[in-house]
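> One structure follows; several queries about it will come next.
Numbering (our numbering), first residue to last: 4 to 284.
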C-alpha cells in the first residue's frame, strides 16, 4: 500500500534510499521527477513516480528497457521503491542531451549522430518497439559522442498503441499529428527532424518548403531529404537501391581482397628473388 498519495520532489533532496543518495532535482512535472543520485562514488539518474497516475508509466518503461542491452538505448540499472512509489535507476550520461547542442556540433559529429540514430531505430524495429517521442530532449550523448535514446515512457510494442496522440509537435511525423499510429516510417521522420534541427537550428516546417542542402555528404543529404518526405511510404530507401548499394559494397570488398592477394604474391616473389641473390653460386 502506498504511504502517500503524492510525493513532493523537493522533500527528497538529501535523502538516501537503498544506498542511493539523492543530490539534485533535475526536473519534474505533476507526475514524475528526475534526480541525480550518488552511490559509492558513482552517479546515477533516478526517475520516480510522484503520483499514483504515474505508476503505470514507470512500470511500463521498466518493462520496455529492462531487458535491452544496446549502446543506443538508456541503460537500466535497477528498480527501487521510494516512499511506496516505483523509481527507475538509470545510467547517467554526463554530456547531457542533444537539445543543448543545437547549432553547436560539427558536420562530422552530426553525420555520426544521424547514422547512429538510424541504427538504433532499426534495432528497436527488430524488437517491435516504437519510441514515439524522438526529439533532442530525449537523446543523450555518451562520452564518445554516441547518441542514446532515453525516456521510453511513451514507447510501445508493435500492435499495442493507444488511439491518442503521443510525441512532440515539432518532431512528430505529419501523419501522426493527423491521428494515425506511429510506424517505423514515422520514427524515421522524427530522426530526420532532429538532424535537421541540429544543422539548421530549428526543426523542419510541415507547411513550408524545407532546405534541401544540409552540408552532409551527397548520399546523406539525399537520405535526410527522403526521410523528411511528407508521404510515409517514400521515406525508406528503395529495395532496388539497397540491393545496388550492397552489390557495390561486395564488389569493392572483392576488389580489395584481390589486390591484397596480388600484393602478397609480389612480396613473396621479391623475397624469394632476394634470397636467391644472396645464396652462394
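Ideal Cβ positions, reconstructed from N, Cα and C, are used throughout, including at glycine. In this text the structure is predicted, and so the values were computed from the model without any measurement.
Pairing CB atoms from the segment 178-190 with CB atoms from the segment 126-135, are three or more of them under 8 Å?
The answer is yes - the segment 126-135 touches the segment 178-190, with three or more Cβ pairs under 8 Å.
> To the nearest angstrom, report how far apart residue 140 and residue 266 are at their CA atoms.
Cα to Cα, the separation comes out at about 51 Å.
> With a 10 Å radius around its C-beta and 16 neighbouring C-beta atoms as the bar for buried, classify residue 247 as buried or exposed.
Low confidence applies to residue 247: its pLDDT is 46, below 50, so where it sits in the model is not reliable, and the reading given next is rough at best. Flag for residue 247 reads exposed.
> Buried or exposed, going by whether 16 or more other CB atoms sit within 10 Å of the CB of residue 35?
It counts as buried.
> Would you decide whether residue 134 is buried or exposed? Buried here means 16 or more other CB atoms lie within 10 Å of its CB.
Buried is the call here.
> Rank 116, 61 and 198 by C-alpha distance to the C-alpha of residue 227 and give the top, closest one.
With distances taken between Cα atoms, residue 227 lies closest to 198.
> When burial is assigned at 16 or more other CB atoms within 10 Å of the CB, is residue 66 buried or exposed?
With fewer than 16 Cβ atoms within 10 Å of its Cβ, residue 66 is classed as exposed.
> Within its chain, find whatever has a CB closer than 7 Å to the CB of residue 238; leave out the 5 residues flanking it on each side and keep chain order.
Closer than 7 Å at the Cβ level, and outside the excluded window around residue 238, lie 188, 191, 192, 229, 230 and 232.
> So, at 7 Å on beta carbons, what are the nonlocal neighbours of residue 203 in its own chain, with the 5 sequence-adjacent residues on each side left out?
For residue 203, where only same-chain residues beyond five positions count, the Cβ hits under 7 Å are 214.
> Put residue 226 into one of helix, strand or coil per three-state DSSP.
Of the three classes helix, strand and coil, the one that applies to residue 226 here is helix, per DSSP.
> Drop a sphere of 10 angstroms on the beta-carbon of residue 160, count the other beta-carbons inside from all chains shown, and report buried for 16 or more, exposed for fewer.
Residue 160 should be labelled exposed.
> Near residue 57, what residues of its chain come up, given a Cβ to Cβ distance below 6 Å and the 5 sequence neighbours on each side ignored?
These residues qualify, in order along the chain: 34 and 35.
> Which residue from 74, 111 and 12 puts its Cα closest to that of residue 122?
Checking every option, the nearest Cα to that of residue 122 belongs to 74.
> Apart from the five residues on each side of it in sequence, which residues of its chain come closer than 7 Å, Cβ to Cβ, to residue 6?
Residue placement at residue 6 cannot be trusted, given a pLDDT of 47 that sits under 50; the coordinates are not used to answer.
> Where does the unbroken beta strand (DSSP E) through residue 37 begin, and where does it stop?
Residue 37 -> beta strand (DSSP E) spans 35-42.
> In this structure, does DSSP put residue 271 in helix, strand or coil?
Reduced to three states, the DSSP call for residue 271 is helix.
> Could I get the ranges of all uninterrupted alpha helix (DSSP H) runs contained in the segment 19-92, with 4 residues as the minimum, in chain order?
If we require 4 residues or more, the alpha helix (DSSP H) runs fully inside the segment 19-92 come out as 58-68.
> Smallest Cα separation from residue 78: which of 37, 218, 95 and 52?
The option with the nearest alpha carbon to residue 78 is 95.
> Give me the residue from 152, 104, 32 and 172 with the minimum Cα distance to residue 53.
Closest by alpha carbon: 32.
> Buried or exposed, going by whether 16 or more other CB atoms sit within 10 Å of the CB of residue 212?
Residue 212 is exposed by the Cβ-count criterion.
> According to DSSP, is residue 143 helix, strand or coil?
If DSSP states are grouped into helix, strand and coil, residue 143 belongs with the strands.
> By Cβ distance below 7 Å, which residues in the same chain neighbour residue 89 in space, the five residues on each side in sequence not counted?
Within the same chain, residue 89 has close Cβ partners 52, 58, 61, 62 and 82.
> Taking the alpha-carbon positions, what's the residue 240 to residue 25 distance?
Answer to the nearest angstrom: the Cα atoms are 46 Å apart.
> Within the continuous beta strand (DSSP E) that includes residue 235, where are the two ends?
Here residue 235 belongs to no beta strand (DSSP E), and DSSP marks it neither H nor E.
> Got a sec: is the Cβ-Cβ distance from residue 145 to anything in chain C below 7 Å?
Given the protein chain composition of this structure (a single chain), no chain C is represented.
> So if DSSP puts residue 151 in a beta bridge, which residue, or which two residues, is it bridged to?
In DSSP, residue 151 forms a bridge with 143.
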